[in-house]
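Written out below as structure tokens is the structure these notes cover.
There are 2 protein chains.
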Amino acid sequence: MIEDKLGELRERLATIHDINAANALLAWDQQTYMPEGAIADRAEGMATLSRIAHEMFTDAKTGNLLDNLKDHFDADSDERAIVRVARRSYDRATKLPAALVQDLTRTTTLAEPAWAEARAKSDWNLFAPHLEKIVELQRRVAEAYGYTTHPYDALLDEYEPGLTKRQIEIMFDELKGGIVPLVKAIAEQNAEDQTAPLHGNFDEAKQEQFGRDVITRFGYDWTRGRQDRTVHPFCINFGSSDVRITTRFDSTWLSPALFGTLHEAGHGMYEQGVDPKYRRTPLSGGTSMGIHESQSRLWENMVGRSRVFWQRFYPDLQELYPEQLTDVSLEDFYRAINEVRPSMIRVEADEVTYNLHVLLRFELETALLEGSLKVADVPAAWNAKMTEYLGITPTNDAEGALQDIHWAGGMFAYFPTYTIGNVLAVQLYEKAIETHPTIPDEIAEGEFANLYGWLRENIYQYGSKYEPNQLIERATGRTLDTAPYLRYLHEKFGELYNLN
Amino acid sequence: MIEDKLGELRERLATIHDINAANALLAWDQQTYMPEGAIADRAEGMATLSRIAHEMFTDAKTGNLLDNLKDHFDADSDERAIVRVARRSYDRATKLPAALVQDLTRTTTLAEPAWAEARAKSDWNLFAPHLEKIVELQRRVAEAYGYTTHPYDALLDEYEPGLTKRQIEIMFDELKGGIVPLVKAIAEQNAEDQTAPLHGNFDEAKQEQFGRDVITRFGYDWTRGRQDRTVHPFCINFGSSDVRITTRFDSTWLSPALFGTLHEAGHGMYEQGVDPKYRRTPLSGGTSMGIHESQSRLWENMVGRSRVFWQRFYPDLQELYPEQLTDVSLEDFYRAINEVRPSMIRVEADEVTYNLHVLLRFELETALLEGSLKVADVPAAWNAKMTEYLGITPTNDAEGALQDIHWAGGMFAYFPTYTIGNVLAVQLYEKAIETHPTIPDEIAEGEFANLYGWLRENIYQYGSKYEPNQLIERATGRTLDTAPYLRYLHEKFGELYNLN
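The listed protein sequences correspond, in order, to chains A and B. One rule links them: number in the working numbering = place in the first sequence (from 1) + 11. One rule links them: number in the working numbering = place in the second sequence (from 1) + 11.
Below, the structure written as structure tokens:
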């Protein structure tokens, strides 16, 4: 009886998975190969698939099956996890009134072009009325989802199941205490810009070749993946058997394609590494945005911006670009890719200053939600925090409060996942090294099997079986912990900037 | 009231269209860019979308709406055509018992690899038991669909709505009378093989450039299309706003990519040219396989193998391949691409012998269906007809009765659409020239606007609004007519082989 119900639920969820996977392929195609003239039909087609999947999922039959299957399986069983994750999505999908969903869609559809225009003209007033409406809707969404302590928790739960605003605050308090002084100390060094080696004329085909070679060694599986070119790089998948990354190449600047490839491959290996037994179930993908970001950041930063990595790979890069790099020493290249310098734009920020950009957004978001900050006052508040945290002040809103699309898209509570990713990346990397102390030496030899294996064993394979807190605790013995991250930043950049 | 029902039907059909279009993208992706490891999940995903579309379409609600809307619109209205085409598909989709559909799927799924092995080993006995089963199932399918005169009509209706076996027989009788003597006369010339100029070392990028340039001039719209590489070339579309062609390149042989590109672009321009008012309706695509093939053949053969075309484009090709073609005269090149020589393999056949290959298959198919030919006797019958029609005899079944995949896939009654396409291509081309007598001169100048415009006006725009017979009669004043085609063959090849 229970087996029948479980079978029914599984089949229902598998069908919905297939529809969503097809829709994801439509999205991938739109970004890569779709002819421009197809955009209107594509939008319609994707809306249709979304609607069918939504209708099928929110059907009362799904709810009945979930009710029937509640508490029927062992606490640590896959079945229990499937029911839990499906229940969570079902509750979220059914709690929002249809009118509110429509209002959200309409509002963000109008807000996104308005934001683009506002940013182009650096005119906050063009975007402000849209943001007012969005903040109000976010409050209503939080009410509809429900929460015990703070509306932010209800929104955060979408991206980080089980995490709370309070935990984020503690994380940021600890980070602020460690990072703000570090930024100041580095700024006081008045070091010259050392990024020159990254700029020049770098044949794109060779950039691609280098990136492919590196991520192949990492463990990215090309029989279940591919790499294409897009304006904005991303990773997307349709199950663990088809995980695609995209890259942006710049023939005058090494960084975007190089670190972008390592970053997206980190996301990709996570999805490829999910146990195939979870295919076509709600457990088949990564468990949260923060965990996902930890996997991309680990390969991009802990590995890809480390000295040991470049001991092995810098000669390869020099061989590809003898004219550009023969006279650049390994040490100079290492400094170039680890330059710390407060800047206006989050997506271009270095490892040290990055989280302060996120903190600022988190503080403004919560204040907006609580009503203690008015939309009209966001630019001033933004600039004041930039000055306080980073010692620089935007000269206009395009390089200030208008730089990110997230709010226009209604993505409140998303930003902290970037920092959670940074913090967890180090926490996990440290634990992996504790288990396999030879990992850094292996990286210096171009060997990644132990690191990849540890991540697959402790993170990848589980997909969404465990919530982020639980997954991290199982993997490292602790929940989210900023200490390793702060230690990492102080050691690495203390050495680079002679702060000790 | 009727307007509401029509709106409901339109919405239902639009949803189904969107699902089918998504599934077509999955199919395109599978042939072009999908990583190999994704094959099992992709098969499952496509089966899911097919099932959902089928369930939605065959739901009694669709039938009720079609009943309600019957005879409610003017005879020549779009609404009437939508209801008619949807009704026809609905009847076909609902008439087959589920058990028969399953039996068909299971049988062909097993038959296709068996056929591949049989062909590889040239062993008819490996395939024969599968074909026995398939013939039996085709008979049951024909019974389920129903027919008045011959079971073949029921199967043919899938590919050529409204056409009958009798009409195909008349067509082939006329063709046989004209073509068999022509093949004999050409064979008696004992002309040397003149295809040498097509073989050599031809850079693929230049082949691609040449093909793209030509089909751009034809009128293929790249804002609603693209070209990719696949093992087997095809054209696929997801509405008229996204029509993609694929090409196979061979660096040692010009023909596959060159004529393949013109051929697939012909299919593509048909789909691109459908009136946008039909988007997301059952009228949004070409009306039959034969009409479709007429569009590909027209651009491939009437245009692409004509002397006037090469007067304009041969110098371009010579410029791309000076080493290979400088010493080859226009006339020698023209002869090379129009070489007539009986050969074993249909897909490699020239314009003159091609239809005899099709005739042979048509005769065997009808005999199999009627039971007058046993599966075990197919190879002998095949070889006898090859000897009779083409004067050559297969030395084994791999180059004989096992060469095509169609029967293994359960595609009975499909072959004649190739010949219908050849015949109609000339019938339409002749009419277009009657309307615009300057078309050949324009082609010699690389101008195709009048030809493209005439086809768009008379064929493309209508999508599936008219059945093939009706469409051809509207366009040319006559139904399917072999006279122009036979005249064309005799004139063109009579001149080439000095037969007059």
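Just so you know, even glycine gets a beta-carbon here, dropped at the ideal spot from N, CA and C.
In this structure, the alpha-carbon of I63 (chain B) lies about 32 Å from that of D232 (chain B). Non-local beta-carbon contacts of G211 (chain A) in its own chain, meaning distances under 6 Å to residues more than five positions away in sequence, involve Q335 in chain order. Of the other Cβ atoms in all chains shown, fewer than 16 fall within 10 Å of the Cβ of V358 (chain B); this residue is therefore exposed. From the listed residues A:D361, A:S354, A:I356, the smallest Cα separation to A347 (chain A) is found for A:D361. Taking a beta-carbon distance threshold of 8 Å, A49 (chain A) counts as an interface residue toward chain B. Excluding the 5 residues flanking it on each side, T298 (chain A) has same chain C-beta neighbours closer than 8 Å at P172, Y473, G474, S475, K476, Y477, E478, P479, L482, in chain order. Boundaries of the beta strand (DSSP E) harbouring I256 (chain A): 254-258, taken from the DSSP string. Taken through DSSP and simplified to helix, strand or coil, G236 (chain A) comes out as strand.
Look at H210 (chain B) here: in three-state DSSP terms it is strand. Secondary structure of I247 (chain B) (DSSP, three-state): strand.
Shown here for L166 (chain B): same chain residues with a beta carbon closer than 6 Å to its own, the five before and five after excluded, namely A153, F423, A424 in chain order. The beta-carbon of F84 (chain B) is placed no less than 8 Å from the nearest beta-carbon of chain A. DSSP, reduced to helix, strand and coil, places W418 (chain B) outside both helices and strands of the structure shown, so it counts as coil. Fully enclosed alpha helix (DSSP H) runs of no fewer than 4 residues occupy 89-106, 109-132, 135-156 of the segment 75-162 of chain A, in order along the chain. V339 (chain B) and P208 (chain B) have their C-alpha atoms spaced approximately 7 Å apart. Here A486 (chain B) has L439, K442, N469, I470 as same chain residues with Cβ atoms under 8 Å from its own Cβ, once five neighbours each way along the sequence are excluded.
Residue pairing of W264 (chain A) in beta bridges, as defined by DSSP: A:H210. Chain-order list of chain A residues neighbouring G236 (chain B): P46, by C-beta distance under 8 Å.
The residues Q205, P208, in chain order, have a CB closer than 8 Å to that of D343 (chain A) in the same chain once the five nearest residues on each side in sequence are set aside. Counting C-beta atoms within 10 angstroms of its own C-beta, N509 (chain B) has fewer than 16 neighbours from the protein chains shown and is therefore classed as exposed. Judged by beta-carbon spacing, L309 (chain B) lies beyond the 8 Å limit of Y325 (chain B), meaning their Cβ atoms are not closer than that value. Here the C-alpha atom of A455 (chain B) lies approximately 19 Å from the C-alpha atom of T272 (chain B).
The C-beta of I63 (chain B) comes closer than 8 Å to at least one C-beta of chain A. According to the DSSP assignment, L462 (chain A) belongs to the alpha helix (DSSP H) that extends over 460-469.
Chain-order list of chain B residues neighbouring R290 (chain A): D52, by C-beta distance under 7 Å. Taking a C-beta distance under 8 Å as the contact criterion, G230 (chain B) and M182 (chain B) do not qualify as a contact pair. Neighbours of A32 (chain A) in chain B, taken as residues whose beta carbon is under 8 Å from its own, are D52, G56 in chain order. Taking a beta-carbon distance threshold of 8 Å, G382 (chain A) does not count as an interface residue toward chain B.
Listed along chain B, the residues sitting closer than 7 Å to G250 (chain A) by beta-carbon distance are D52. Around the Cβ of T227 (chain B), a 10 Å sphere holds fewer than 16 other Cβ atoms; the residue is exposed. Residue contact with chain B for T73 (chain A): absent (no Cβ-Cβ distance below 8 Å to any residue of chain B). Taking CB atoms only, D214 (chain A) has no neighbour in chain B less than 8 Å away.
E22 (chain B) has its alpha-carbon roughly 32 Å from the corresponding atom of Y158 (chain B). Assigned with DSSP and collapsed to three states, A71 (chain A) falls in helix. Contacts between D253 (chain A) and chain B, judged by CB atoms closer than 8 Å, involve M45, P46, G48, A49, D52, R53 in chain order. The segment 470-498 of chain B is shown to contain whole alpha helix (DSSP H) runs of 4 or more residues at 479-487, in chain order.
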